[in-house]
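*Asks:*
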Amino acid sequence: MGRVLWHVTMSVDGFIAGPEHDMDWVFEQPAPPEASADVVPRVGAILCGRHTYDVGQRDVGKGSGEAFEGAWSGPEFVLTTHRPEPPSAGTRTFLSGDIRAAVATALAAAGEGDLLVLGADVALQCVEAGLVDDLLVHIAPLLLGDGVRLYGGPGRERVDLELVEATGTVLRYRVLRP
1 MGRVLWHVTM SVDGFIAGPE HDMDWVFEQP APPEASADVV PRVGAILCGR HTYDVGQRDV
61 GKGSGEAFEG AWSGPEFVLT THRPEPPSAG TRTFLSGDIR AAVATALAAA GEGDLLVLGA
121 DVALQCVEAG LVDDLLVHIA PLLLGDGVRL YGGPGRERVD LELVEATGTV LRYRVLRP
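Take the sequence shown: its position 143, counting from 1, is numbered 143 in our numbering, and each next residue is one higher.
Rendered as structure tokens:
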């Protein structure tokens, strides 16, 4: 079975999405560094939240409209508890309920591949439940000033990380569990 990977691009000031969840800035950056070129072939399935799904639908035709700008295909799962599945969900499977059950379902679909977690809220839930194995962060050379933070907020617990690899602007961490 694969690992649970949170893969994200972050501004130097710690934002993973801009105001109004804007993602255009991510695709204005140079191509992903070689250090993470092995990520796409290892992804067996993707789990995201409803908001991330909605941003992808809003951005159809842009880089942010598809996983890895369309360079990946496979099972995609959308975790939502408040809004039902839209009539035209395409090949995505909508799940509701507990984050542990959603991760188990998506990991099973990933087979031997990794499960990629996308979206701030779903990733936060996975971190808090102790489900994330690795965090891969691309540091983009800009300051956004506002938007969605990588992690934090009132009541958030400390999470210890072990640096596994640092290549240029790519940081790969193993999430340590208590």
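Don't be surprised by glycine CBs; every beta carbon is placed ideally from N, CA and C.
Just verifying my parser: in three-state terms, what is the DSSP assignment at His21?
*Replies:* The residue given as residue 21 occupies position 21 in the sequence shown. Under the three-state reduction of DSSP, His21 is assigned to helix.
*Asks:* Alpha helix (DSSP H) containing Val8: first to last residue?
*Replies:* The residue given as residue 8 occupies position 8 in the sequence shown. Not the alpha helix (DSSP H): Val8 falls in the beta strand (DSSP E), residues 4 to 11.
*Asks:* Quick one, which of Asp98, Asp134, Leu144 has its alpha-carbon nearest Val170's?
*Replies:* The residue you call residue 170 lines up with position 170 of the sequence shown. Nearest of Asp98, Asp134, Leu144 to Val170, Cα basis: Asp134.
*Asks:* Based on Cα-Cα distance, which residue from Asp13, Met1, Arg158 lies nearest to Leu142?
*Replies:* Numbered from its first residue, the sequence shown carries residue 142 at position 142. If we check each option's Cα against that of Leu142, Asp13 comes out closest.
*Asks:* Based on the DSSP secondary-structure assignment, which residues constitute the bridge partners of Val148?
*Replies:* Numbered from 1 along the sequence shown, position 148 holds the residue referred to as residue 148. Paired residue(s): Ala17.
*Asks:* In angstroms, rounded to a whole number, what distance separates the CA positions of Leu131 and Val164?
*Replies:* Locating residue 131 in the sequence shown gives position 131, where the first residue counts as 1. Locating residue 164 in the sequence shown gives position 164, where the first residue counts as 1. Taking the straight line joining both Cα atoms gives about 18 Å.
*Asks:* Excluding five sequence neighbours on each side, which residues of the same chain lie with their C-beta closer than 8 Å to the C-beta of Ile16?
*Replies:* In the sequence shown, the residue the question calls residue 16 occupies position 16. Excluding the 5 residues flanking it on each side, Ile16 has same chain C-beta neighbours closer than 8 Å at Val8, Thr9, Met10, Ala120, Gly147, Val148, Arg149, Leu150, in chain order.
*Asks:* Find out if the Cβ-Cβ distance for the pair Val127, Leu115 is shorter than 8 Å.
*Replies:* Start at 1 with the first residue of the sequence shown, and residue 127 comes out as number 127. Start at 1 with the first residue of the sequence shown, and residue 115 comes out as number 115. No, the Cβ-Cβ distance between Val127 and Leu115 is not below 8 Å.
*Asks:* Any idea if Glu28 is buried or exposed, counting beta-carbon neighbours within 10 angstroms, 16 or more meaning buried?
*Replies:* Locating residue 28 in the sequence shown gives position 28, counting from the first residue. With fewer than 16 other Cβ atoms inside 10 Å of its own Cβ, Glu28 counts as exposed.
*Asks:* Where Pro19 and Arg42 are concerned, what is the direct C-alpha to C-alpha distance, given to the nearest angstrom?
*Replies:* Residue 19 sits at position 19 when you count from the first residue of the sequence shown. Residue 42 sits at position 42 when you count from the first residue of the sequence shown. Using only the alpha carbons, I get a separation of about 31 Å.
*Asks:* With DSSP run on the structure shown, which of helix, strand or coil describes Gly49?
*Replies:* As a first step, residue 49 is located in the sequence shown; it is residue number 49 there, counting from the start. If DSSP states are grouped into helix, strand and coil, Gly49 belongs with the strands.
*Asks:* Applying the 10 Å Cβ sphere with the 16-neighbour rule, what's the burial state of Met1?
*Replies:* For the purposes of this step, residue 1 is taken as the residue at position 1 of the sequence shown. Met1 is exposed by the Cβ-count criterion.
*Asks:* Write down the C-beta distance between Ala45 and Ala110 rounded to the nearest angstrom, noting that I regard them as a contact closer than 8 Å.
*Replies:* Walking along the sequence shown from the start, residue 45 turns up at place 45. Walking along the sequence shown from the start, residue 110 turns up at place 110. Sure, about 4 Å apart at Cβ, within 8 Å.
*Asks:* Let me check understanding here. Comparing Cα to Cα, which of Arg83, Val78, His51 lies closest to Thr91?
*Replies:* Within the sequence shown, residue 91 is the residue found at index 91, counting from 1. Checking every option, the nearest Cα to that of Thr91 belongs to Val78.
*Asks:* With DSSP collapsed to three states, give me the class of Gly168.
*Replies:* Taking the first residue of the sequence shown as 1, we reach residue 168 at position 168. DSSP places Gly168 outside both helix and strand once states are collapsed to three, so it counts as coil.
*Asks:* Between the Cα of Val55 and the Cα atoms of Asp38, His21, Ala37, Pro30, which residue gives the shortest distance?
*Replies:* For the purposes of this step, residue 55 is identified with residue 55 of the sequence shown, where counting begins at 1. Nearest C-alpha to Val55: His21.
*Asks:* Does DSSP put Thr91 in a helix, in a strand, or in coil?
*Replies:* Here residue 91 refers to the residue found at position 91 of the sequence shown. Thr91 falls in the coil class under three-state DSSP.
*Asks:* Considering only the beta carbon of each residue, do Glu162 and Arg177 sit closer than 8 Å?
*Replies:* As a working mapping, residue 162 is identified with position 162 in the sequence shown. As a working mapping, residue 177 is identified with position 177 in the sequence shown. No. Outside cutoff.
*Asks:* Where Pro154 and Asp160 are concerned, what is the direct C-alpha to C-alpha distance, given to the nearest angstrom?
*Replies:* Taking the first residue of the sequence shown as position 1, residue 154 is located at position 154. Taking the first residue of the sequence shown as position 1, residue 160 is located at position 160. Distance between the alpha carbons of Pro154 and Asp160: 18 Å.
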